[in-house]
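For the sequence shown, the working numbering assigns the number 1 to the initial residue and increments by one for each residue that follows.
Worksheet for the structure shown next.
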Amino acid sequence: MSAIGLAPHNFLLSWIAIGLACGSFVTVLVARIPEGRGIQGRSQCISCNETISARDNIPVISYLILKGKCRNCKVPISIRYPLTELVAMGLVVVAVQSNEGWWKVLAWVVFSVLGLALAIIDLQTHRLPNALTAWLFVLIAVTVSGDILANHHSDKIKMTVISSFALTVFYFLLNILSRGGMGMGDVKLAASIGLILGYINGSSVIVGTFFGFFFGSTISVLMMATGRATRKTQIPFGPLMLLGAFVAPWLTPHLVAIFL
Ligand SMILES: [Zn+2]
């Protein structure tokens, strides 16, 4: 079998299934990590505490079969569960289609899945749990190192390490200057974003960071204009950093072509 036949994007149906399963994992992380609960063991219905059986735990499909209600108590299941699963699937498919090679695909799948969990948790609790930011950093470091070794990219190590360090310092300074307005969770998340974008190139790090702030200011202005926020409203910045990082690989080549 040729190496091209074994490329990650030739397994699209498998990735769709993996993406949905990852989405299911994200719903578990979102429900349990902020409460300090472990991720092992089956989930229970939040209404009647009945353990959810395997056949009722198939992403999206179970929700449709059960018509969005618990099999036991018939209390509606939040639409957030199948939506999270679909969003995760979309992110995983995009990660697979837009990257070459298994290690890079794995790095972006990890970034998309844990990033989605972090974004939802930050929106709901205004926190980025240490357990998740730490795992994100370790898994991206491992997958990026795998790509460096597999494809002999030792020339990229310097830029990757410097980007991670520089972006962390940048957010740490913002944390000090904003007197905690920019949280320490954002600082820790920056280390991972610097790593994955720095491995592409330095321009991506700048573009990703710029768009995080661009999305942030756009949303702040829109929310203030529609009376949903005041100047003092705290908008979680983690999801915006992640969104900026996610669009950076596409936007960077266009922006570099325009400005340089
Ligand atoms: Zn129930």
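Even for Gly, the Cβ is constructed at its ideal location relative to N, Cα and C.
CA nearest to the CA of residue i, picked from the options
i                 : options                           : result
leucine 132       : Ile148, Ala150 and Val110         : Val110
isoleucine 77     : Ile176, Ile46 and Val105          : Ile46
alanine 248       : Tyr63, Ala134, Val30 and Ala95    : Ala95
threonine 84      : Ser154, Ala31 and Ala191          : Ala31
proline 321       : Lys188, Ile176 and Val75          : Within the shown structure, residues of the chain are numbered from 1 to 260, placing residue 321 beyond reach of any answer.
isoleucine 58     : Leu173, Val75, Gly38 and Ala17    : Ala17
phenylalanine 214 : Tyr199, Leu240, Leu136 and Leu12  : Leu240
glycine 19        : Ile258, Ala229, Gly90 and Val256  : Gly90
phenylalanine 137 : Met223, Ser154 and Ala190         : Ala190
glycine 261       : Ile196, Met224, Ala245 and Arg179 : There is no way to answer for residue 261, as the model of the chain reaches only from 1 to 260.
tryptophan 250    : Val205, Leu118 and Asp147         : Val205
lysine 104        : Asp186, Phe25 and Gly198          : Gly198
alanine 166       : Gly202, Gly180 and Gly183         : Gly202
valine 144        : Leu173, Phe170 and Trp102         : Trp102
alanine 21        : Leu255, Ser62, Asn175 and Ile196  : Ser62
tryptophan 135    : Gly146, Val113, Arg42 and Thr125  : Val113
glutamine 124     : Glu35, Arg228 and Val87           : Glu35
proline 253       : Ile200, Val28, Ala7 and Pro236    : Ile200
Environment of residue i [buried if 16+ CB atoms lie within 10 Å]
i              : result
methionine 1   : Unreliable placement is indicated for methionine 1, whose pLDDT of 40 sits below 50; no coordinate value is reported for it.
glycine 5      : exposed
cysteine 48    : exposed
serine 14      : exposed
cysteine 73    : exposed
isoleucine 121 : buried
valine 142     : exposed
asparagine 151 : exposed
glycine 238    : buried
aspartate 155  : exposed
threonine 51   : exposed
leucine 106    : buried
methionine 224 : exposed
valine 221     : exposed
alanine 117    : buried
N-terminal and C-terminal residue of the alpha helix (DSSP H) that residue i is part of
i                 : result
phenylalanine 237 : Unbroken run through phenylalanine 237: none, as it is neither H nor E.
valine 96         : 80-97
alanine 191       : 184-198
threonine 230     : Segment: none, threonine 230 is in no alpha helix (DSSP H) and carries neither H nor E.
arginine 32       : 12-32
serine 178        : Serine 178 -> no alpha helix (DSSP H), and no H or E assigned at all.
alanine 7         : Per DSSP, alanine 7 belongs to no alpha helix (DSSP H) and is neither H nor E.
alanine 107       : 102-125
leucine 149       : 130-150
isoleucine 65     : 61-65
heavy atom of ligand 1 below 8 Å from residue i C-beta
i             : result
serine 53     : no
asparagine 72 : yes
serine 62     : no
serine 220    : no
serine 47     : yes
valine 75     : yes
glutamate 50  : yes
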